[in-house]
Every structure is written in structure tokens, then in C-alpha cells.
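So the structure is just underneath, and the comments pick up after that.
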């Protein structure tokens, strides 16, 4: 059978199974699974295991010390093994009042499927299940071995996954890995993302008094927790965006010539980002697309994710807060480490007279990436071109973070991306959604990869 | 009848009516009246009018454009008129989880009466009602005219009161005024507070994007509202506590020799404040009691009352906030004005490249004070000595703020303080309370003042 015939048969099977797979996605989105709040995690792991059973895979729910991993495998007729990494946990749905449909009820409207996790990552979980199902139905057997590792703590920084991968190194052994995300860009071109920045997520907490005080007293006489926090934060970064922690940039390297070549070949998405977030411009007034691409992945960041102190309601309350807290994330580029950031942050705060500011480490991931010239990347890119009618835009690194380091460093696998998302997916935000067409194409892409990987 | 006999008769009447007045206080505390949230305001005004009727006063509910004023008056046998200014609104009860009893249910325990408003200001409202009732019962008639002005917006900065007082200048005309608060200090000495700092309460709000963004994208590329707010706040004041707004100190004067004499005669309450708020020390390491007294009233302040941005829940959420807000209050000393602070703040933010930070004016009060050597102050202090067995501690200015300027500047009355509070009252905080003994003494003090004012 010619490749074009095989692919036509895969396409027809995926199309025929579309409704049943949207139904599966509805069941999965309908089960809340917020790792940050330990909400519905075990129930969701059971549901995922059940979905894998439905397509005939042996699945296990494996303990990790945190949310369990749902593992499944299936022998194919070839020797090679393809690993799918995914996650069944989601971000919290708040702010709830901005959702136009219930976050945990998959809602189809105007060719889109809305719900928390529709894109990140439940749509991808179902697309892999649908692809494996389609390959078996269309070809009679799988051409390679398949393994699934579906974790439940990705949105809180995968704290137990690296140790889990090390512990089960032999069981998880594979020749290549398809990552949990992927999809098309703002002009519907397929994308290939070759790595991720790391992250170090901390909470800064200050307590200056045993309770809030009347501002007419405390404001004149003793420390205000909100002021201490403001000054401590200000010591980390100023409007020039340069992070002031001594030694923070020690292990940061400039991008290679090959990296810059890839950045230069990426399309200009600046207008899309401006429109999507209602922006008048970018940091430091930057307008050059390649420089914005470079900033977005090859520079580390320090982002305030949340602030809380004192009275936050309507009108006037004249209090001086006794406690204040900030959530802060640092994105790390190769070869920074999570540990060095925590240590340098603590040393900096101490040196700047902020010993009273507590640093609570909440989670971290190392940066990691795959060689742009690895043959597996070429295979995945060829499959993408067959699905989307054009070669993918290759991004040497993503701005986001994830546990790819656990697979790249421990299992030694190359990692490529493929998936159902698009830039309007509102990932981590209200009204998260995917387009039905992307759900179909993402599934086709995975099926084509499985088929090609068996031949390679 | 000798003064000592009159006072003994007043004391006996107040003692006999104690339970019925605690019952009145229970009814008043039981009616929530949170001006910041417009919660129960009209119902509370009706209740206050009803309580005034109970002791035979004609009362009216007068519109102000905001919460109504409850006004009452009563002719006495003398020509002179004594005005009581009070308020029936209270601060919000949050944080609710720190209350040991329901905030809107007066709870008697260990000689104390707990509930939101027990001290500020419903205990004082009932003490005046109880005193007028006792003077009439004990003496057969009032020796002077009495007027009550009980407003419902004190806790949100009395936005309509100055215009109300100007509009009803003739109706409110009086020879002297007793303020809404007063009581004893941390060693149970009576206090006399001769004025108040002003206040300018604003919200600083920044919006940098139409919605929150994934921190892996926004953190590298565009403005973070929480960072903009942090830097804008940092531009207002640094750890040296000096407010950096140009011209902020232009109208600030050092205290007079008479003021410093009064400050020097005030007791050292530093250990009490440290213990009460769990402090290790005071701002700038200051330890000298007189200097701390001076700082607490004769210097203007800039206090962050609240901060809010992004994700504030448990664990990790990797968002970049599109919006951030801070509540900020400035306390003003004579002769600063509210308008100049708003203008100088706006000009400063613009000059410091924070034109994107919106300044929302929420409320303000001017600073105002009464001459320490006014005869009415001597009268009130003599009555205090008779009740408490010692002369009051006289404070030339309070750290807090209120609408005393409306009465001092418009009606030209001297203002003295008397009341039922004490330093452990947890005013504006959870577990607000008064001691029953202070409730009795505060009522006696008012009754003695009415009696002496009639003779003066």
C-alpha cells in the first residue's frame, strides 16, 4: 500500500470516529482535575485509565508521591518505541466570572470546543487515544510499540515526575517522545518546538505584625508588610527589565548561529500578540520581530504572578497590612538551574536588608532542548507538512516550561511537538478552547507520526 | 444640691439603667451598617432614630446625597448648646475567620462586649443616649440644649458631611462639640485628643493588557501590571520612609513649643504597642518615646492599605496579571490639603513615567484641631478627672482622621473627646470590643459634661 493510500485510510477512520472522540473529550473536560487545589485528581486518573482501556490498552495507575501517573503500553510489530507524554491536570478555572460557558462542561459553539483543559492538555490526551485507535483500525496493527505517561501535576511544576522517570527508567525506555503540546500558529502554520525554558516558582511572604493595624497608628510607627514586599520586589527588577539578583545571568548563554537562523525564519507574530492582549507595544519599546523572538525564549525572566495584602474590597478600609505575599516565577534558559536561582534570590534579599522576606519554594523545572537536526524532528516535520500542507515553523525553544528535562536527561530521547492547540486557545485563561479542525488535524498528525515511525 | 450629690445621683441612675443600655447596644451592633459596602445603612439609620425616640428626643433622618444623617435635638433650661457628633456606620468585618464570636452579634464575655462597632462607634452612640437619659432622670431637666448629628459615612471618609454641615449651619449651630470617640489609654488614664490628621485615600490602578497572559509569554514580551504597580509604589516611598512626591512636605510645619510640651507629658506607650502588634521595634529603629509621639501625629504618611493582582490562591498559577490595584492612604498634618496631595501625586507619577497608573480618588478629610487652652477643654478635662480619678493625658493631635474640620471650620466650635474605648478595643480589626467598666465611665463622663456645661 502506498503512503498516500495509508494516510487516506487513516484520515477516513479519524473522521468517522470524530463524534465519539469529542464525546470522550467531553467526559474528560467534565471531570475537574485542578492540581493546585487537589481537586478531582484521583477521579480524573481513573477516567483516563478507563479511556485507554476503551481502545484496548493495558493501563496502570502508578503512585508518584503526589498525583498518580496513568501509564499504558501496547506492543506493535516493530522494535522501536514511541512514548507519549501528556497530563490530565489543569489550571484553576478562576476568574470564573469571565467564562462564557461553564469551565468544566465541554461546550461546542462556532466550530470550537470550550472548557478548562480543552487545549491544555485534555484535547491532546484524546487526540493521541484517537490516533492510536485509528492506526490500529486502518492498518490492522501498530507498526511500533507505544507508551503513554500521563501525569497529574504538570500545572504545578511536575514536582514528582523527574524522580518517577528515574525510578522507572527501564519501563519507560523509548526511542523518541511526542510532547504533550503542539498545534498551529497565528496564521495556521504547524509549529515545531524543540525545547523549553525552565522555571523557578516561589512565594515571597512578609509578616511585620501579628495583625493588621489601623493605618492612622501603624502607618506612622511600624513596618507595613505591603511596603516591605513592594521594596523587596523592586529590588529584584526595575523598569529596565534587568534582573538585579547578583550572578543571575552567570549561566546564561547567547543563542547559537543555528538558533538565530531558526529565529530569523519564524514569522512575525507581533501584530497578532498585540491584538490578542490589547497591547500598545512590547517591553523596552522593542519592535524588531527577530529580537522579540530572541527575548521571548533566550532570556530569563522574573514575573510577578500575583500580589495580595490588606483590604482588596470596594471603597475605603484604613488598615495597615500585617502580612503580604507575592507569587513570582523565574523562567530559566539553558544552562541555569532551579537551585542556583533560589540560592541567589535568598542571598540577594539578605544582602539588600530583606531578611524579613521569606522565600517559599513552590516548584521548579530545568530547561532542556532537542537538537534541531535530529532525524526524529525531520520525521515529525515531514508528517506535519503532509497534514497541514506546509512545513512547520521551527522554534528552537519555547517560552514556557515543563518536565521535558526528565525525559531528555534521563531517558535520552529526542522530543518533538504535535497537538491540537492554536494561539486563540486562551490556555490558562477563561474560555479556553480548541477548534474542531485543529482537533482533527492534531489527531491526523499523531497517526501519521506513528505510521512513519514504524517504517523508519 | 452640691455637685458631689448631683454626680452621685447621675452615677446611680446610669448604674440602674446599665442592662437596658447594653440591650440597646446589642440591638445596634446586631444591625450591620458597613458604609464601604452599603450594607444595612438605611436600616441602621432607622434603628438609631428609634433609639433617640425611646429617650424622648425628636429625631429626623436627613438626606446627604449618601448615607443619611440621623439628627435629633432637645431644648434644655439653659441658653447654651452642646452638639454630639457620632456615626452609626462601621468598618467591614473581614477577615471573618479571625473573629471568635459573630461580628454582628454583641457577645458578653469576661467583662467585655464584643462585636463590630462595639467601640467604633456604636458604644459611644449608646453612651450619649444613656447619659442624656440619666441627666433628665436625675435632674428633672437638661441644663443645656443638646443636638445629635449621627452620620453613616465616617468609615469611608465622610464624603457628604462637610457639605451637609455647611447647608445646615444654622440648624446645627452650637457652642461646643463632643467628638465621637474617646476613652482611656493603655494604663487606664483618661485621654483628651485635640485634633486629627487629615487623610487622602486613593486607589492606584494599572491595566497593561486586556487579559491575564501565560507568564511564559507575557513575562518576556510585554508589561506586567503587577510590576508597573510595584515600581509606581516604590517611587512614592522607600525604606527611609521619606515620601518622594515633590512638594509633599511644603505645607508641613514642625510642632509648636506647646505641642512638644504636651507630647513630652504623654506616657510612654511603646511597650504596649509592641506587645499588642507583636513588633520587634519601630520605624527607622526609633526608641525615644517623645520622638515616637511626634512621628505618630506630626508627620504625614503614605500607607499601602491593600494590594491585589493576579493569582492569590494556593500553589502555582503561571499567569502575568493584566491588571493590578493598590489602596493607599496619606495622613495629612496641618496645613496640608487633600487636593494638593492628589495633584502632586498625579504630577509625580506622570514625571516618573507612570502615566499608565490611574489615580482614583476615593475619599479625603482635612486636618483640624482645637486650641489646647480653650475653656471647654478645661471643663471636659475636669469632668474626666472626676470620673477617672486623675486628669486626662492630653494629646495635641490624633494619628487618625475624621470630619472634625467640618465642625471646627464651619461651625467654629471647640471639640473635645470623651468615650467608651480603650487600647485593646481592636478597632477596625476582628474581635472589636469594649469593657463594661469603660462603657459605664464613658457614660458618666458625658453626663458630668452635660451637667457642667449647663452651669458654665
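Residue numbers (the numbering used here), protein chains in the order written: chain A, 3 to 458; chain B, 3 to 458.
Cβ coordinates follow ideal geometry from the N, Cα and C atoms, glycine included.
Output yes if chain B places a C-beta closer than 9 Å to the C-beta of residue i; else output no.
| i | result |
| --- | --- |
| residue 299 of chain A | yes |
| residue 370 of chain A | no |
| residue 114 of chain A | no |
| residue 326 of chain A | yes |
| residue 120 of chain A | no |
| residue 106 of chain A | no |
| residue 435 of chain A | no |
| residue 274 of chain A | no |
| residue 306 of chain A | yes |
| residue 70 of chain A | no |
| residue 12 of chain A | no |
| residue 334 of chain A | no |
| residue 458 of chain A | no |
| residue 323 of chain A | yes |
Considering only C-alpha positions, which residue in the set the options is nearest to residue i?
| i | options | result |
| --- | --- | --- |
| residue 340 of chain A | A:120, A:203 and A:313 | A:203 |
| residue 49 of chain A | A:439, A:72 and A:41 | A:72 |
| residue 189 of chain A | A:394, A:430 and A:398 | A:394 |
| residue 167 of chain A | A:144, A:384 and A:153 | A:153 |
| residue 198 of chain B | B:372, B:331, B:273 and B:156 | B:372 |
| residue 55 of chain A | A:192, A:235 and A:135 | A:135 |
| residue 24 of chain B | B:93, B:254, B:43 and B:120 | B:120 |
| residue 265 of chain A | A:364, A:358 and A:194 | A:194 |
| residue 503 of chain B | B:196, B:308, B:236 and B:424 | Shown here, chain B extends from 3 to 458; a query on residue 503 of chain B therefore has no answer. |
| residue 242 of chain A | A:81, A:175, A:284 and A:232 | A:284 |
| residue 332 of chain A | A:57, A:401 and A:30 | A:401 |
| residue 104 of chain A | A:326, A:31 and A:216 | A:31 |
| residue 81 of chain B | B:426, B:131 and B:146 | B:146 |
| residue 289 of chain A | A:263, A:272 and A:57 | A:272 |
| residue 127 of chain A | A:263, A:26 and A:214 | A:26 |
| residue 251 of chain B | B:343, B:16 and B:385 | B:343 |
I believe residue i touches residue j by the beta-carbon criterion, under 8 Å. Please report the beta-carbon distance rounded to the nearest angstrom.
| i | j | result |
| --- | --- | --- |
| residue 84 of chain A | residue 409 of chain A | Rounded, the Cβ-Cβ distance is 12 Å, inconsistent with contact. |
| residue 451 of chain A | residue 416 of chain A | Going by Cβ atoms, the distance from residue 451 of chain A to residue 416 of chain A rounds to 12 Å, so no, they are not a contact pair. |
| residue 78 of chain A | residue 143 of chain A | 7 Å |
| residue 88 of chain B | residue 171 of chain B | With 8 Å as the limit, residue 88 of chain B and residue 171 of chain B do not qualify as a contact, their Cβ atoms being about 19 Å apart. |
| residue 92 of chain B | residue 157 of chain B | 6 Å |
| residue 234 of chain A | residue 356 of chain A | 4 Å |
| residue 67 of chain A | residue 308 of chain B | About 38 Å; that fails the 8 Å criterion. |
| residue 114 of chain A | residue 435 of chain A | 5 Å |
Starting from the beta carbon of residue i, find every residue of chain E whose beta carbon is closer than 7 Å, and list them in chain order.
| i | result |
| --- | --- |
| residue 365 of chain A | In summary, chain E is missing from the structure at hand, where the protein chains are A and B. |
Is there a Cβ from chain A that is less than 9 Å from the Cβ of residue i?
| i | result |
| --- | --- |
| residue 310 of chain B | yes |
| residue 236 of chain B | yes |
| residue 127 of chain B | no |
| residue 347 of chain B | no |
| residue 329 of chain B | yes |
| residue 239 of chain B | yes |
| residue 290 of chain B | no |
| residue 265 of chain B | no |
| residue 441 of chain B | no |
| residue 315 of chain B | yes |
| residue 224 of chain B | yes |
| residue 133 of chain B | no |
| residue 279 of chain B | yes |
| residue 228 of chain B | yes |
Less than 8 Å between the CB of residue i and some heavy atom of the ligand MN, yes or no?
| i | result |
| --- | --- |
| residue 170 of chain B | You won't find the ligand MN in this model; it holds no ligand whatsoever. |
- prompt: Going along the region 137 to 171 of chain A in order, which residues come within less than 9 Å of chain B, judged by CB to CB distance?
  reply: Against chain B - using a Cβ distance shorter than 9 Å - the residues of the region 137 to 171 of chain A are 157, 158 and 159.
- prompt: Mind listing which residues of the region 182 to 216 of chain A have their C-beta closer than 9 Å to chain B's C-betas, in chain order?
  reply: Those residues of the region 182 to 216 of chain A that come within reach of chain B (Cβ to Cβ, closer than 9 Å) are 198, 199, 201, 203, 209, 210, 211, 212, 213, 214, 215 and 216.
message: Extract the residue ranges of the beta strand (DSSP E) inside the region 312 to 365 of chain B, only unbroken runs of 3 or more that lie entirely within it.
response: The region 312 to 365 of chain B contains these whole beta strand (DSSP E) runs: 325 to 334.
- prompt: Going along the chain, which residues of the region 399 to 431 of chain A sit with their C-beta nearer than 9 Å to a C-beta in chain B?
  reply: Correct list: 400, 401, 402, 403, 428, 429, 430 and 431.
- request: Run through the region 120 to 157 of chain A for me and flag every whole beta strand (DSSP E) of 3 or more residues, listed as ranges in chain order.
  value: Under the rule that a run must span 3 or more residues, the beta strand (DSSP E) segments found entirely inside the region 120 to 157 of chain A read 147 to 153.
- request: Taking only beta carbons into account, state which residues of the region 91 to 104 of chain A come closer than 7 Å to chain B, listed in chain order.
  value: Within the region 91 to 104 of chain A, the qualifying residues are 93 and 94.
- prompt: Taking the runs of the alpha helix (DSSP H) that are 4 residues or longer, which of them lie wholly in the region 249 to 290 of chain A?
  reply: Given a length threshold of 4 residues, each whole run of the alpha helix (DSSP H) inside the region 249 to 290 of chain A is given here in chain order: 259 to 267 and 272 to 279.
task: Could you name each continuous alpha helix (DSSP H) segment of 4 residues or more that falls completely within the region 202 to 244 of chain A, going from the start of the chain to the end?
output: Runs of the alpha helix (DSSP H) inside the region 202 to 244 of chain A: 217 to 223 and 227 to 238.
field: Ranges of the alpha helix (DSSP H) found wholly within the region 49 to 99 of chain B, counting only runs of at least 4
entry: As far as the region 49 to 99 of chain B is concerned, it has no whole alpha helix (DSSP H) run of at least 4 residues.
field: Members of the region 17 to 38 of chain B that neighbour chain A once the beta carbon cut-off is set at 8 Å
entry: For the region 17 to 38 of chain B, residues whose beta-carbon sits nearer than 8 Å to a beta-carbon of chain A comprise 37 and 38.
task: Using a Cβ-Cβ cut-off of less than 8 Å, give me the residues of the region 238 to 262 of chain A that come near chain B, in sequence order.
output: Legend: CB atoms of the region 238 to 262 of chain A lying less than 8 Å from CB atoms of chain B belong to residues 239, 240 and 241.
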